[in-house]
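So the sequence lines, in the order shown, correspond to chains A and B. Take -6 as the starting number for the first sequence in my numbering and just add one per residue. Take 13 as the starting number for the second sequence in my numbering and just add one per residue. Using N, Cα and C, we set each Cβ at its ideal position, and we do this for glycine too.
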Amino acid sequence: MKTIKLLLPICLVMPALLLAQGRGVDTAAQLRPPTDSWPTYSGDLTGRRYSPLKNIDKTNIKQLSLAWVSRGFTDGSGPTGRGAAAAGPGGGGGRGGAPQFPLVISGLGTGEFNTGGPAAIRGSILMVDGVLYPTSPDNVWAVDARDGSILWQYYWKTRGGTHTGHRGVGMWKNFLFTEFHDNYLVKLDARTGKEQWRVEISRFDEQYFSSMAPIIIDDHVIVGTGNDLDMPGFLQSYDAETGKRQWILYTVPMNPGDPGLETWPSLDAARHGGAQPWVPGVFDPETRYYIFGTGNPTPAYTPAGRGEGAGLFTCSLVAVNVDTGKMAWYYQTSPRDMHDWDSAQTPILVDAVINGRPRKLVSTAARNGYFFTVDRITGEHIATSKFGTVANWAKGLDDKGRPILNPEKVATIPGAIVPGSATNWPPPAYSPDTGLFYVPENNQLSIAYLIDPDPRGSMGLGGRQASGIGNYGNFVTAIDPKTGRIAWRHQLPGGGGPTGMLTTAGGLLFAGDGAGNLVAFDAANGTPLWNARLGNVTNAPQTYMLDGKQHVLVAAGDQLYAFRLN
Amino acid sequence: MKQAWIATAVAGMLWTAVQGHTRGESQDPPAGTAQQGRGAGPQRGTPPPGPGRQGGGQRANFPQQQRAPGDPAVIARGRALYGVRCGACHGADLRGGDQGGPNLLRSQIILTDQHGENIVPVIRDGRQGGVGTMPAFHLPEEDMLAIAEYIHNVMGQAGRQGRPPGSETLPELNILVGDAAAGQRYFEKVCSRCHSPAGNLRGVASRVADARALQDLWVSGGLSGRGGRGGGGGRGDAEPSRIQVTVTAPGSAPVTGRLVRIDDFVVSIQTEDGARRTFRRDGANPKVDINDPLEPHRRLVLELTDRDMHDVTAFLATLK
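See the structure below:
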């Protein structure tokens, strides 16, 4: 009792002290499931998006209510960040007048390509030391987690390029790391938004574009990039302190004698073969493997130039030693893809007992509609299952559980009925309590037409057009990763696809339902338990403890919503 | 199962909206403007048929598309020189030729060239160790620069997401490869339960002259194809839903109307008099019955083979 009495005041004082010090983030903090922070893309480095918090649970979820809403996040525009006209609303802060927070301006463009307007917050929002860090293409904000007010905005004047969704920032100590679409990696002081350094991570003139949330492991800042013009994919590590590149791992063969070259008709084809890693991966501290997925082969739809081979290491799970940059193993989830189905999705580390033996596994649900589990130490195949209900494109599985492409179910001149992506980059989640892997599932059919039958093949995403012919349902789907068996599916009646997922020790699964609601489901069976209609949920929900209360955070376009038990 | 049926029905209704808002399916859509791909969740559907060049007010693309237009006289001269000197190996369209020259439009040497500083030495000195061996060409400097300028001009016309120039204006291909007689047999066996060539499909091939649009139209049950080639799907939001919903609360009279929207928590319908009514949903209460006239069609498509599809399209194309 005496000890407790002594500790109590310390416990009360400690959070305040820690906050004042601003601990920032270290790797150890990312190896534990997150509680009082959300320090990395997936919450921790396992990719699980699982929180051990259980203040909010199935019994009290009906009382979950609004803590605050923050509206009107506005992308910077023009040379000053505040639109073509120097003054007036609509730029920078856009809260109906001059913004009340510092705007840091950077970037190599003129601002002419930054069109401004409402932010598109679609990535992960880190929460560290009571501050949130949402992003939109070319913009990063720091936001007070206690009331949603903006502390600073960082605005990047882009040189242009393909602007996909932005996946968020990474954090190390008190610094943020972020990619911008014209291929810069930038280090910012998390307290002020002040730029520390920037480095070009892939060539803009080779039409790369970069949006991945960096993953930081010790002093390794892991970055991937994207490309649609038949350029080689690669993953890189930069020194968090200096910005110097530590290693680069190409995901296609680049030189004579490189492994995998035998799966391409020529070195030239391999070097134009794609396999872009553009979504954050996961980290296994025992093996020091960073495990990530690679994108589709290119040209995407017309394989004339890439022959009959599997095209390594496209559409694969790849393990790379984070200290050396050397590939440890790979497992190809979509050999010789013909549908532009990246396998770049964030995988998830799973520990399970199979046949009486404890196994260290990694699982992924791929865009091609198949789910895979492999041994994360060796890459040995464990399980494959089909979760996409209309995935008609494969003839079966080979002896290693890989789907075999049906060459008739690809774009043809008179048209072939093929499925769309069964899932995409919005992240799945895994609960060690239920032992289930939760994935957003979408089932659509299209007629795919080959419009460029040139025997040389097309380029990039050229050569095909598709007409949608029907939606066959959108689901929140729970899969047993040990077997691939589907435990349950909850169909979303609104006709839209779910967002990324969050699951908690409170037995809950949170996701946007594609019809404007943030929904809490029973993680055991998918029953909807609670909802808030926000209009348009745009990222995967997150949770953290703040001031003794568990919060649930989600973005809706240019708005942030925080919920708690009030 | 009820739930599944409802969701699938509504999913079909919303398909048109999805189509209208989708912007390409590699990775995810560009987030260039507020109108583009701001939706939540995974993106699906078809690449847009729009032109590759970024229009006014939109985000510029890569350096190749941002380049200032060159001197037309120099480009014309470069085009002629390219045709004489380069086209045989690299192809008239720069995408590689019969004699093994690589595709120049995705060449790192050319993508990273500004004003011939990469290109000119290759023309002048030749190149080994790439795809094959390129001989040296003895040309005046200004000719080599004109060739470089022409190549850059072609690259500037490339489409978005790596599509080659001209990929939106390709010659139309004949998709009518099916056997019309076999298609008629399939039609009589399956489609004639609801449709007839003399009835609601009379003259369909005249109304929809484009064979691909015709195929999209009939396979999708009218969701796709009305916009003509590349249309992808009509915008459903302007039309009232074809889906009929009857909501029956315990102890209350059933209320029937057209579906406006549904999720796990509410269902909203428009009744005959134009009024909109919304009901809270709690599991199986109230009872919600959905009648989507397209549902049988959608189930049929799951069993439809590509060959049957081509045959039926060939048959329908005869219904002028």
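Which residues in the same chain have their Cβ closer than 7 Å to the Cβ of Ala297 of chain A, if we skip the five residues on either side of it in sequence? Cβ neighbours of Ala297 of chain A beyond the five flanking positions: Pro448, Arg449 and Gly450.
Determine whether the Cβ of Ser346 of chain B lies closer than 8 Å to any Cβ atom of chain A. This structure does not reach residue 346 of chain B, given that chain B is present from 13 up to 332, and the question cannot be answered.
Let me know the alpha helix (DSSP H) ranges lying completely inside the segment 102 to 190 of chain B, each 4 residues or longer, listed in chain order. Within the segment 102 to 190 of chain B, the complete alpha helix (DSSP H) runs of at least 4 residues are 120 to 123, 131 to 137 and 153 to 167.
Return the Cβ separation of Trp334 of chain A and Arg360 of chain A in integer angstroms, given the expectation that the two are a contact with Cβ distance under 8 Å. Beta-carbon to beta-carbon, Trp334 of chain A and Arg360 of chain A are separated by about 4 Å, close enough to satisfy the 8 Å threshold.
Backbone secondary structure at Tyr94 of chain B - three-state DSSP: Secondary structure at Tyr94 of chain B: helix, using DSSP grouped into helix, strand and coil.
Name the residues in the segment 350 to 375 of chain A whose C-beta lies less than 9 Å from a C-beta of chain B; which are they? Listed in chain order, the positions of the segment 350 to 375 of chain A with a beta carbon within less than 9 Å of a beta carbon of chain B are Arg360.
Mind reading off the beta-carbon distance from Trp257 of chain A to Gly266 of chain A? Whole number of angstroms is fine, and I expect it under 8 Å. Right, the Cβ-Cβ distance comes to about 6 Å (below 8 Å), so this counts as a contact.
Taking 8 Å as the threshold (beta carbon to beta carbon), is Gly211 of chain B in contact with chain A? The C-beta of Gly211 of chain B comes no closer than 8 Å to any C-beta of chain A.
If we cut at 8 Å on Cβ distances, does Thr330 of chain B have a partner in chain A? Taking Cβ atoms only, chain A never reaches closer than 8 Å to Thr330 of chain B, which makes this a no.
Verify the CB distance criterion: does Thr45 of chain B have a CB-CB separation below 8 Å to chain A? In this prediction, Thr45 of chain B scores a pLDDT of 29, lower than 50, which makes its location untrustworthy; no coordinate-derived value is stated.
Counting along the chain, where does the alpha helix (DSSP H) carrying Thr470 of chain A start and finish? Not the alpha helix (DSSP H): Thr470 of chain A falls in the beta strand (DSSP E), residues Arg457 to Ile472.
Please check if any C-beta of chain B sits within less than 8 Å of the C-beta of Leu222 of chain A. Closer than 8 Å to some Cβ of chain B, the Cβ of Leu222 of chain A qualifies, so yes.
Where Leu222 of chain A falls: helix, strand or coil (DSSP): Here Leu222 of chain A sits in coil by DSSP.
Give the straight-line distance between the Cα atoms of Asn314 of chain A and Gln200 of chain A, rounded to the nearest whole angstrom. Spanning the two alpha carbons is a distance of roughly 28 Å.
For Arg299 of chain A, would you say it is in contact with chain B, using Cβ-to-Cβ distances shorter than 8 Å as the test? Judged by the 8 Å Cβ criterion, Arg299 of chain A is not in contact with chain B.
Within 8 Å of any Cβ in chain B, is that where the Cβ of Arg88 of chain A sits? In this prediction, Arg88 of chain A scores a pLDDT of 46, lower than 50, which makes its location untrustworthy; no coordinate-derived value is stated.
Quick one: using the 10 Å Cβ neighbour count with 16 as the cut-off for buried, is Lys402 of chain A buried or exposed? Answer is buried; the Cβ neighbour count reaches 16.
Inter-stretch contact (C-beta, 8 Å, three-pair minimum) for the segment 31 to 43 of chain A and the segment 460 to 480 of chain A: Short answer: they don't touch.
Below 9 Å on C-beta distance, what does Asp321 of chain B contact in chain A? In the sequence under discussion, the amino acid at residue 321 of chain B is Met, which differs from the Asp named in the question. By Cβ distance, chain A contributes Pro407, Gly408, Ala409, Ile410 and Ile440.
Closer than 7 Å at the beta carbon, the chain B residues around Ser117 of chain A: What Ser117 of chain A touches in chain B: nothing, since even the nearest Cβ is about 14 Å away.
Between which two residues does the beta strand (DSSP E) containing Val324 of chain B stretch? Unbroken run through Val324 of chain B is the alpha helix (DSSP H), Asp318 to Leu328; no beta strand (DSSP E).
If the cut is a Cβ gap below 9 Å, which residues of chain A does Leu123 of chain B touch? Chain A residues near Leu123 of chain B: Arg196, Asp198, Glu199, Gln200, Leu222 and Met224.
C-beta atoms of Met164 of chain A and Ile118 of chain A nearer than 8 Å: Inclusion of Met164 of chain A and Ile118 of chain A in the CB contact set at 8 Å is not warranted, their separation being larger than that value.
Can you have a look at Ser264 of chain B and say buried or exposed, based on whether 16 or more other CB atoms are within 10 angstroms of its CB? Sixteen is the threshold: since fewer than 16 other Cβ atoms of the shown chains lie within 10 Å of the Cβ of Ser264 of chain B, the residue is exposed.
Which residues in the same chain have their Cβ closer than 6 Å to the Cβ of Lys572 of chain A, if we skip the five residues on either side of it in sequence? Nothing in the structure corresponds to residue 572 of chain A, since chain A is present only between -6 and 559.
Answer yes or no: does any C-beta atom of chain B fall closer than 8 Å to that of Arg449 of chain A? It does; some Cβ of chain B falls within 8 Å.
Within chain A, the residues that Ile274 of chain B reaches when beta carbons sit closer than 9 Å: In chain order: Pro486, Gly487, Gly488 and Ala508.
Neighbouring residues, chain A, relative to Ile187 of chain B (Cβ below 8 Å): Ile187 of chain B reaches chain A at Ile406, Pro407, Gly408 and Tyr442, counting residues in chain order whose Cβ is nearer than 8 Å.
Note down, one range per segment and in chain order, each alpha helix (DSSP H) of at least 4 residues found wholly within the segment 254 to 323 of chain A. Complete alpha helix (DSSP H) runs here, min 4: 260 to 264.
Cα separation between Gln140 of chain B and Glu255 of chain A? Near 22 Å, if we compare the C-alpha coordinates of Glu255 of chain A and Gln140 of chain B.
Chain B residues whose Cβ lies nearer than 7 Å to that of His265 of chain A: Chain B residues near His265 of chain A: Arg118.
What would DSSP say about Leu314 of chain B, mapped onto helix, strand or coil? Assignment of Leu314 of chain B by DSSP, reduced to helix, strand and coil, places it in the helix class.
Compute the Euclidean distance between the alpha carbons of Ala321 of chain A and Tyr423 of chain A, then round it to the nearest angstrom. So the alpha carbons of these two residues sit roughly 24 Å apart.
Which bits of chain A does Pro176 of chain B rub up against, with CB to CB less than 7 Å? Neighbours of Pro176 of chain B on chain A, chain order: Ser451, Met452 and Gly455.
Excluding sequence positions up to five away, which residues of its chain have a Cβ less than 6 Å from the Cβ of His213 of chain A? Taking His213 of chain A as the centre and dropping the five residues before and after it, the same chain places the C-beta of Ser230 and Val315 closer than 6 Å to its C-beta, in chain order.
Keeping to the same chain, check which residues put their C-beta closer than 6 Å to that of Tyr94 of chain B; ignore five residues upstream and five downstream. Closer than 6 Å at the Cβ level, and outside the excluded window around Tyr94 of chain B, lie Ile159 and Tyr162.
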